[in-house]
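Heads up: the structure comes next, in structure tokens.
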Amino acid sequence: MSLVFEFPEGGCKTVPELYGLMPLSEENQEIIPNYNCNEEATCVVVLTGPNWATSARVGTCMDPYRSQQVLQLTYGPFHPILSDHEQFPHLYQMAPKDTALSLAMVSLMLHFNWNWIGLAISGNDQGTQFLSHLRREMEKIESALLL
24 MSLVFEFPEG GCKTVPELYG LMPLSEENQE IIPNYNCNEE ATCVVVLTGP NWATSARVGT
84 CMDPYRSQQV LQLTYGPFHP ILSDHEQFPH LYQMAPKDTA LSLAMVSLML HFNWNWIGLA
144 ISGNDQGTQF LSHLRREMEK IESALLL
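Oh and the sequence shown: position 55 is 78 in our numbering, straight run, nothing missing.
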């Protein structure tokens with residue numbers, strides 16, 4: 024029920040490379056940005072960050088889906104390019120200190136009944152801290168479900 028990008032080593036440098044990572048619809052070979060059950064999708068959400076350049080590429084890539092109300096949430100430092108509402112009308116930037124990303128991820132897992140998620144986190148102190156916060160939020164939910 025979610026779109027998972029598997030970035031090749033060295034990252035994704037261009038929009039065509041990004042398109043190549045997306046699954047195609049078997050019916051008409053169109054790129055589907057998220058789960059499709061042959062029903063009208065009312066809203067698609069794309070979570071990106073913390074690299075502003077990747078967020079900008081994803082925003083450009085999702086442009087054909089604007090009619091589907093694609094909302095892009097980017098997590099990380101604010102960047103002036105991403106603040107251009109004419110170029111990125113559906114992008115919302117979230118600063119790390121202003122949000123609880125781990126709580127949001129756990130909430131999405133519960134809402135969509137996801138059993139597994141894939142994470143790509145940096146191998147530094149910030150990534151370790153995020154993973155610790157995510158585990159803590161998951162333990163809170165698990166405790167609440169066991170009561």
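Note that the Cβ used here is the ideal one computed from N, Cα and C, for glycine as well.
Are Leu-133 and Tyr-98 touching if we call contact CB-CB under 7 Å?
As a working note, residue 133 is residue 110 in the sequence shown. As a working note, residue 98 is residue 75 in the sequence shown. Not closer than 7 Å, so no.
Using only CA atoms, which one of Val-81, Trp-139, Gln-149 and Leu-126 lies nearest to Lys-163?
Here residue 163 is taken as the residue at index 140 of the sequence shown, counted from 1. The residue with the shortest Cα to Cα distance from Lys-163 is Leu-126.
With Glu-114 as the anchor, note down where its alpha helix (DSSP H) starts and where it stops.
Counting from one through the sequence shown, the residue named residue 114 turns up at place 91. The sequence shown places Leu at residue 114, not Glu. Element bounds for Leu-114: not the alpha helix (DSSP H) but the beta strand (DSSP E), 114-117.
Under 8 Å Cβ to Cβ from Gly-146, same chain only, skipping five residues before and after it: list those, please.
Here residue 146 refers to the residue found at position 123 when the sequence shown is read from its first residue. Excluding residues within five positions, none has a Cβ falling inside 8 Å.
Between Ala-79 and Glu-165, what straight-line distance do the alpha-carbon atoms span, to the nearest angstrom?
By one-based count along the sequence shown, residue 79 stands at place 56. By one-based count along the sequence shown, residue 165 stands at place 142. Their backbone Cα atoms lie some 36 Å apart in a straight line.
State the start and end residues of the unbroken alpha helix (DSSP H) segment that holds Leu-105.
The residue labelled residue 105 in the question sits at position 82 within the sequence shown. Counting along the chain, Leu-105 falls outside any alpha helix (DSSP H), and DSSP gives it neither H nor E.
In this structure, how does DSSP classify Gln-149 when only helix, strand and coil are distinguished?
Start at 1 with the first residue of the sequence shown, and residue 149 comes out as number 126. Helix.
If you compare alpha carbons, which of Pro-100, Leu-154 and Phe-101 is closest to Met-128?
What you label residue 128 is simply residue 105 of the sequence shown in a count that begins at 1. When only C-alpha atoms are compared, the closest one is Leu-154.
Throw me the rounded Cβ distance for the Gln-110 and Thr-71 pair, which I believe falls under 8 Å.
By one-based count along the sequence shown, residue 110 stands at place 87. By one-based count along the sequence shown, residue 71 stands at place 48. Not confirmed; about 15 Å, so no contact.
Assuming the contact rule is C-beta atoms closer than 8 Å, Phe-135 and Ala-118 should be a hit. Round their C-beta distance to whole Å, please.
Position 112 of the sequence shown holds residue 135. Position 95 of the sequence shown holds residue 118. That belief does not hold up - the Cβ atoms of Phe-135 and Ala-118 are roughly 25 Å apart, past 8 Å.
Taking just the CA atoms, how far does Gly-141 sit from Asp-148?
On the sequence shown, position 125 is the one that residue 148 refers to. On the sequence shown, position 118 is the one that residue 141 refers to. Cα-Cα distance, rounded: 19 Å.
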